[in-house]
Amino acid sequence: MKLAGKTAFITGASRNIGRAIALAFAAEGASLALNTRVNRDELAAVADECRKSGVRVVPVLGDIADAAAVETMVGQARAELGAIDVLVCNAAIRPHQAITETSLEDWHRVMAVDLHSAFYLARAVVPGMKERRAGSIIALGGQSALTGRPNTAAVTAAKTGLLGLVRALAAELGPFGIRVNMVVPGFIDTERAHHRMNEGKA
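Residue numbers (my numbering): 1 to 202.
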């Protein structure tokens, strides 16, 4: 098992990509701190699935867009599982809105969840990784950050900022043995994707 003896903190782990990441890490022997803000029953089900691989799993409930909550959640994960070796910043919100329909509240919430949270999380786990001179931070990006797409101003801006954060942290933390990478998934078969494909069809 490639991740035996390692601990991973995964955000947005209750469904879709986050669930798949959690199950894959569990299959490789990692202990898991799995985060969600609202989908608690779904997260509990994912945790149970992961435990079938014989690994320790701790549900970590809270809002990653809240810096204080992030410190609390990371502290909980450390207290129950030990040092965090891998951080996966997966959670995101992706409203599909024209700029004229995007409220200030919408804009700030997307920035908080899709961009600021990665900074909060990295800041919380990096000190321990630097001490051990080892670690991995993985952020889930978006194709819109590479191409630009209509009606995605908030998401595209946030994911472009996330790409910049990843590049900066990779340069800063590489000398300490910490890898920082972005994964940009293609089209994923989810309920939201089906809804998008069916928009305008009647």
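For glycine and all other residues, C-beta sits at the position ideal for the given N, C-alpha and C.
Here the structure is a predicted model, which means the values were calculated and not measured.
Residue pairing by DSSP places Met73 in no beta bridge whatsoever.
When C-alpha distances from Pro95 are compared across Ala157, Cys50, Val57, Gly135, the shortest belongs to Ala157. Taking every protein chain shown into account, the CB of Asn90 has 16 or more other CB atoms within 10 angstroms, so this residue is buried. Under the 8 Å Cβ criterion, the segment 64-74 does not count as touching the segment 18-28, having fewer than three qualifying pairs. By the neighbour-count criterion, in which a residue is buried when 16 or more other Cβ atoms sit within 10 angstroms of its Cβ, Val183 is exposed.
A distance below 7 Å between beta-carbons, with the five flanking residues on each side excluded, links Leu173 to the following residues of its chain, in chain order: Val126, Val180.
In the DSSP assignment, Val183 falls within the beta strand (DSSP E) that extends over 178-183. DSSP places Gly135 in the strand class (E or B) of the three-state scheme. In the three-state reduction of the DSSP assignment, Leu140 falls in the strand class, which pools E and B. Val38 counts as exposed, since fewer than 16 other C-beta atoms from the protein chains shown sit within 10 angstroms of its C-beta. Pro59 has Leu34 as its beta-bridge partners, per DSSP.
Arg51 and Glu101 have their C-alpha atoms roughly 43 Å apart.
The three-state secondary structure of Leu3, taken from DSSP, is coil.
Within the DSSP bridge table, the entry for Leu87 names Phe9, Ile137 as partners. Annotation for Ile17: the continuous alpha helix (DSSP H) segment containing it runs 16-27. When secondary structure is reduced to three states using DSSP, Thr102 falls in the coil class, being assigned neither helix nor strand.
The bridge partners DSSP lists for Thr156 come to none. Counting only the Cα atoms, Ala98 lies some 43 Å from Ala83. For Arg94, there is no enclosing alpha helix (DSSP H), since its DSSP letter is neither H nor E. Secondary structure at Phe119: helix, using DSSP grouped into helix, strand and coil.
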